[in-house]
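Scroll down for the structure; my scribbles are underneath it.
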Amino acid sequence: MKLLVLLLFLLGLSVTMFVTNPSRSDVDAEIQSQLLARIDGLDTNTDQDPVVQLIFTTCKFGRSACASFIKSLMDVKYEDKILYSNVTVSFGNEEPVRCYGALTRVVCPSL
């Protein structure tokens with residue numbers, strides 16, 4: 001009896017994960033959201049370089065356009081694994097960031 005309940009639970013969990021697996025558009029929306037949060041947190045007073053300060057200030061005023069521009073420079077690889085998704089985000093020569101999607105959530109530890 002316990003085995004049957006466990007199997008039914010696992011079947012229900014699998015169906016739920018299949019139905020709520022985030023799509024590519026969900027991943028793009030999460031990346032955009034995290035970029036906007038990073039732009040909002042920029043401190044324009046920390047760098048003395050005037051060019052960097054100008055870029056930061058411009059990003060503060062046109063934050064969605066700036067986030068879209070930054071996102072266009074990123075390489076985003078989406079892998080649908082049926083019950084969950086793997087996403088690899090790389091920017092230039094930096095170490096790629098692994099993101100995971102399941103149950104309508106996309107988690108990117110350090111984007």
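Number 85 in the numbering used here belongs to position 85 of the sequence shown; there are no gaps in the numbering.
Even glycine gets a Cβ: it sits at the ideal position worked out from N, Cα and C.
Please read all numbers here as calculations on a predicted model, not as lab measurements.
**Request:** Spell out a yes or no on whether the stretch 32-42 and the stretch 1-21 are touching, meaning 3 or more CB-CB pairs, one atom from each, closer than 8 angstroms.
**Result:** No, the stretch 32-42 does not touch the stretch 1-21.
**Contact between the stretch 80-87 and the stretch 64-71 (3+ Cβ pairs under 8 angstroms)** = Taking one beta carbon from each stretch, the stretch 80-87 and the stretch 64-71 have fewer than 3 pairs nearer than 8 angstroms; the two do not touch.
**Prompt:** CB-CB under 8 angstroms to T20, same chain, minus the five flanking residues each way: which ones, in chain order?
**Reply:** The residue given as residue 20 occupies position 20 in the sequence shown. A distance below 8 angstroms between beta-carbons, with the five flanking residues on each side excluded, links T20 to the following residues of its chain, in chain order: A102, L103 and T104.
**Prompt:** For V87, which residues does DSSP report across the bridge?
**Reply:** By one-based count along the sequence shown, residue 87 stands at place 87. Assignment of beta-bridge partners to V87 by DSSP yields Y78 and C99.
**Message:** For T123 and P109, what's the separation of their Cα atoms in angstroms?
**Reply:** Shown here, the chain extends from 1 to 111; a query on residue 123 therefore has no answer.
**Prompt:** By the 10 Å Cβ neighbour count, where 16 or more other Cβ atoms means buried, how is L4 classified, buried or exposed?
**Reply:** In the sequence shown, the residue the question calls residue 4 occupies position 4. So L4 counts as exposed.
**Message:** Suppose the cutoff is 6 angstroms on Cβ atoms and the five residues either side in sequence are ignored; what does the same chain contact list for V76 look like?
**Reply:** Counting from 1 along the sequence shown, the entry for residue 76 is found at position 76. Apart from the 5 residues on each side of it in sequence, V76 sits with its Cβ closer than 6 angstroms to the Cβ of V89 in its chain, given in chain order.
**Request:** Note down the Cα distance separating D28 from F61, rounded to an integer number of angstroms.
**Result:** Indexing the sequence shown from 1 puts residue 28 at position 28. Indexing the sequence shown from 1 puts residue 61 at position 61. Between the alpha carbons of D28 and F61 lies a distance of about 22 angstroms.
**Message:** To the nearest angstrom, how far is the alpha carbon of S64 from that of L35?
**Reply:** Taking the sequence shown and counting its residues from 1, one reaches residue 64 at position 64. Taking the sequence shown and counting its residues from 1, one reaches residue 35 at position 35. Roughly 9 angstroms separates the two Cα atoms.
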